[in-house]
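The structure appears below as structure tokens.
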Amino acid sequence: MNRAQTPHGAHARTLWATVFALLLLGCLPAPAGSQQPTYETIDACQAIDELRFDGDRANASVEWQVNLGPRLPGSNESAALRENITSDLEALGYSMTEQTHQRYDMTLTNLFATWSPVNTTSTGQLVLSAHYDSRNVADQDENESNRSLPVPGANDAASGVAVLLELARHIPSMGLNHQVVLFFNDAEDQNQRYTLGAEAWAENLTSDEVNNTHAFVLLDMVGDADLQLHNVLPGNDTLKSRVVELGTSLGLVNGTTDCAGNPGEDIVQYDTLVGVLDDHVHAHELGIPAIDLMDTSYGTPKPYTFGSHWHTMEDTPDKVSAESLGSVGRLVELGVLTGAFVDVKPPVEEAENPSVGLEDPLTETGAGDGGFEPLQFTALAVVLVIVGVALAVYRRSESADKP
Ligand SMILES: [Zn+2]
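Taking the working numbering as reference, the numbering of the sequence shown is continuous, increasing by one, and the terminal residue is 410.
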């Protein structure tokens, strides 16, 4: 039979390669988000006309959250904030869920608002997150008698929540074909325990949920009136370069011109690298593309800290501005609109590389275990501390060089 004949020559090989590639493509599921134009094909400058984010509304939310009082895990104020978010977002068509976890004598509650597109086959989700708890101790305050008091938490917590809430008003009309999950995480900032809510969430993700998550975009301390967004380590490089591109379009990058031809402000400062152990680290360790949009210099620079207002009683609404909230809000809104936060997964081989794998310790640990301390996390923490100290020293010497 002729079928047994093996074709020879370059043309035949090309033919077979093409057939094989087509067969392979036919077997693969369509990637989530592939029904829409991709980030590469969308003109960000045109999308800017569609931005609706209102910085004044976000600023009013910061004031309102601070007026509630400290939003400590398990407190009435924390519950009041959740109830308010839940009723507001349910009215916008979001489906709301809560997950509680016990950690270090705390009951923490993660709150999720999920917006699902109608008539889509996509199973992909984009997670936008901010912690909603405020720190229980102002342990960086100059005044020693303040150090046991809970911080007002205008920038450190309320700003990120405020940006998510304002974005929530606009997401349903964006025509997206993937889910958006607004994840209000709890217990990021209590005593010397950090990112507990995000950690508990990550521990309980199934591998399908991990694979279906386009990206984890964290907003933390994004309201500083003197806004500077830094290049936070760790983080996904593709997301970072897209943030710089979008920031350039919006006039947030010094030395560039925006879509209208105006010089950019010095807001997206990705030449400044800062190691931060924040909520996004847990998603990042699972192989989910993650980025932390954060201003690591709140108030005047102070060595080994995130600025003179950080974790002090000075973290009040007057230090936060509608303009800064608007800049960050528009940046994220433009990112969602242009698909900048989807289709950024690393290649499959890379994601399945066992040297990255944190899935084993996660599945072994399971839910409700407060003792999750994978070796990789500890090693990362050590690296970040070294990077952080080196940067603090570098920035100190750098600022000493300036007038
Ligand atoms: Zn904090």
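Note that beta-carbon positions come from the ideal geometry of N, C-alpha and C, so glycine has one too. In this text, all values refer to a predicted model and were calculated from it rather than measured experimentally.
Which residue from the options puts its Cα closest to that of residue i?
i	options	result
leucine 234	Glu47, Ser94, Gly314, Val168	Gly314
alanine 120	Pro80, Asn192, Ser155	Asn192
threonine 104	Val69, Ser331, Trp208	Trp208
histidine 318	Gly160, Pro270, Asp61	Gly160
valine 335	Val260, Ala290, His291, Cys266	Val260
leucine 75	Pro310, Asn91, Asp63, Thr202	Asn91
asparagine 238	Ala232, Ser304, Asp61	Ser304
glutamine 72	Leu240, Asp56, Glu173, Tyr139	Tyr139
leucine 225	Pro308, Pro80, Leu246, Ser68	Leu246
isoleucine 295	Leu189, Gly242, Asp148, Gly62	Gly242
aspartate 299	Gly346, Val250, Ser141	Val250
asparagine 198	Ser166, Val170, Gln147	Gln147
arginine 142	Asn162, Asn219, Glu206, Phe190	Asn162
glutamate 272	Thr279, Thr263, Val125	Thr263
leucine 284	Gly268, Met301, Asp278, Pro270	Met301
serine 85	Tyr111, Glu173, Thr130, Ala164	Ala164
glutamate 97	Leu236, Gln109, Leu189	Leu189
threonine 312	Val281, Val158, Gly342	Val281
leucine 332	Tyr111, Arg64, Ala54	Arg64
tyrosine 101	Ser82, Asp112, His108, Ser123	Ser123
asparagine 218	Thr127, Leu344, Gly131	Gly131
leucine 344	Glu210, Gly268, Gln186	Gln186
proline 44	Gly182, Pro324, Glu252, Pro310	Gly182
valine 349	Asn83, Val144, Ser129	Ser129
valine 144	Arg110, Leu115, Asp196, Thr116	Asp196
tyrosine 277	Leu240, His291, Asn269	Leu240
valine 351	Phe223, Arg89, Thr307, Leu236	Phe223
asparagine 211	Arg337, Ala347, Thr93, His108	His108
arginine 59	Glu173, Asn126, Pro324	Glu173
valine 125	Pro179, Asn153, Leu156	Pro179
histidine 291	Cys266, Ala205, Ser94	Ala205
Can you tell me the Cβ-Cβ gap for residue i and residue j, rounded? I've got them flagged as a contact below 8 Å.
i	j	result
leucine 293	histidine 221	Rounded, the Cβ-Cβ distance is 13 Å, inconsistent with contact.
histidine 289	threonine 213	Not quite, the Cβ-Cβ distance comes to about 15 Å (not below 8 Å), so this is no contact.
lysine 326	aspartate 231	7 Å
alanine 194	proline 80	5 Å
leucine 118	leucine 171	About 10 Å; that fails the 8 Å criterion.
glycine 62	glutamate 330	6 Å
serine 256	alanine 51	4 Å
valine 158	aspartate 322	5 Å
leucine 341	alanine 54	6 Å
valine 69	alanine 169	5 Å
serine 328	asparagine 66	7 Å
leucine 253	arginine 176	At roughly 20 Å, the Cβ-Cβ gap does not stay under 8 Å, so leucine 253 and arginine 176 are not in contact.
tyrosine 46	alanine 297	So it is not a contact: roughly 17 Å between Cβ atoms.
asparagine 184	threonine 114	Not really, about 37 Å apart at Cβ, beyond 8 Å.
For residue i, report the span of its beta strand (DSSP E) as first-last.
i	result
isoleucine 92	First-last for isoleucine 92: 83–98, but that is the alpha helix (DSSP H), not the beta strand (DSSP E).
arginine 110	102–110
tryptophan 122	113–122
leucine 467	The structure shown does not extend to residue 467, since the chain is modelled only from 8 through 410, so no value can be given for it.
glutamine 186	186–192
Who pairs with residue i in a beta bridge, going by DSSP?
i	result
aspartate 163	Aspartate 163 is not bridged to any residue.
aspartate 350	Aspartate 350 pairs with nothing; no bridge assigned.
arginine 200	Gln197
The alpha helix (DSSP H) with residue i in it runs from where to where?
i	result
tryptophan 71	62–75
tryptophan 317	Note, tryptophan 317: premise wrong, no alpha helix (DSSP H); not H, not E.
glutamine 53	51–54
glycine 306	Glycine 306 -> no alpha helix (DSSP H), and no H or E assigned at all.
glutamate 210	203–210
glycine 342	329–345
Does any residue of chain B bring its CB to less than 8 Å from the CB of residue i?
i	result
asparagine 219	Note that chain B does not occur in the displayed structure, where there is just one protein chain.
Those runs of the alpha helix (DSSP H) which lie wholly inside the segment 218–303 and span at least 4 residues: Correct list: 244–256, 287–292.
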